[in-house]
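Peer 1: Every letter in the sequence shown is one number past the one before it in our numbering, and letter 9, counting from 1, is 9.
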Amino acid sequence: MNITAKVTFLFLERPPHAFRYTGSSCYPRISYLKRVDTSCRLIFEEGKEYFDGETADIFIEVLDSSAHQGMYIGMPFELFVCHTKIAEGQISGLF
Numbered sequence: 001m002n003i004t005a006k007v008t009f010l011f012l013e014r015p016p017h018a019f020r021y022t023g024s025s026c027y028p029r030i031s032y033l034k035r036v037d038t039s040c041r042l043i044f045e046e047g048k049e050y051f052d053g054e055t056a057d058i059f060i061e062v063l064d065s066s067a068h069q070g071m072y073i074g075m076p077f078e079l080f081v082c083h084t085k086i087a088e089g090q091i092s093g094l095f
């Protein structure tokens with residue numbers, strides 16, 4: 001299941017260097033409807049990178065094919081890495 005979404009990356013406490021989201025190798029967990037928590041892959045346009053506080057239109061590949069049940073356009077969701085919320089978003093398209 002693939003979706004497009006508008007995602008805002010949150011400001012996080014980090015070491016003194018900048019952190020960026022880039023490429024297609026970012027694998028957070030997506031949580032939505034207060035009951036679904038599954039892995040996904042963020043896919044960015046080639047050459048694009050995003051930093052904390054930025055908002056981006058991106059593709060998300062949901063790795064569990066059955067997890068898409070209940071998804072709808074406009075649905076809010078959250079992204080987590082190691083139980084740390086890194087972003088919030090809203091689905092803009094389902095494929």
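Cβ atoms here follow ideal geometry from the backbone N, Cα and C, with glycine treated the same way.
(1) Can you tell me where the beta strand (DSSP E) holding I86 begins and where it ends?
(2) Which residue from R41, C40, D57 puts its Cα closest to that of K48?
(3) Give the range of the beta strand (DSSP E) segment to which I30 is assigned.
(4) May I have a chain-ordered list of the beta strand (DSSP E) segments no shorter than 3 residues that lie completely inside the region 23–62?
(5) How would you label L42, buried or exposed, when you count the other beta carbons within 10 angstroms and need 16 or more for buried?
(6) With DSSP as the reference, please indicate the residues paired to L79 in a beta bridge.
Peer 2: Reading from the atomic positions:
(1) It spans 84–94 - the beta strand (DSSP E) in which I86 sits, taken as one unbroken run.
(2) The shortest C-alpha separation from K48 is found at D57.
(3) Counting along the chain, the beta strand (DSSP E) containing I30 begins and ends at 29–32.
(4) Within the region 23–62, the complete beta strand (DSSP E) runs of at least 3 residues are 29–32, 36–43, 49–51, 55–62.
(5) Within 10 angstroms of the beta-carbon of L42 lie 16 or more other beta-carbons, which makes it buried.
(6) Beta-bridge partners assigned by DSSP to L79: I30, A87.
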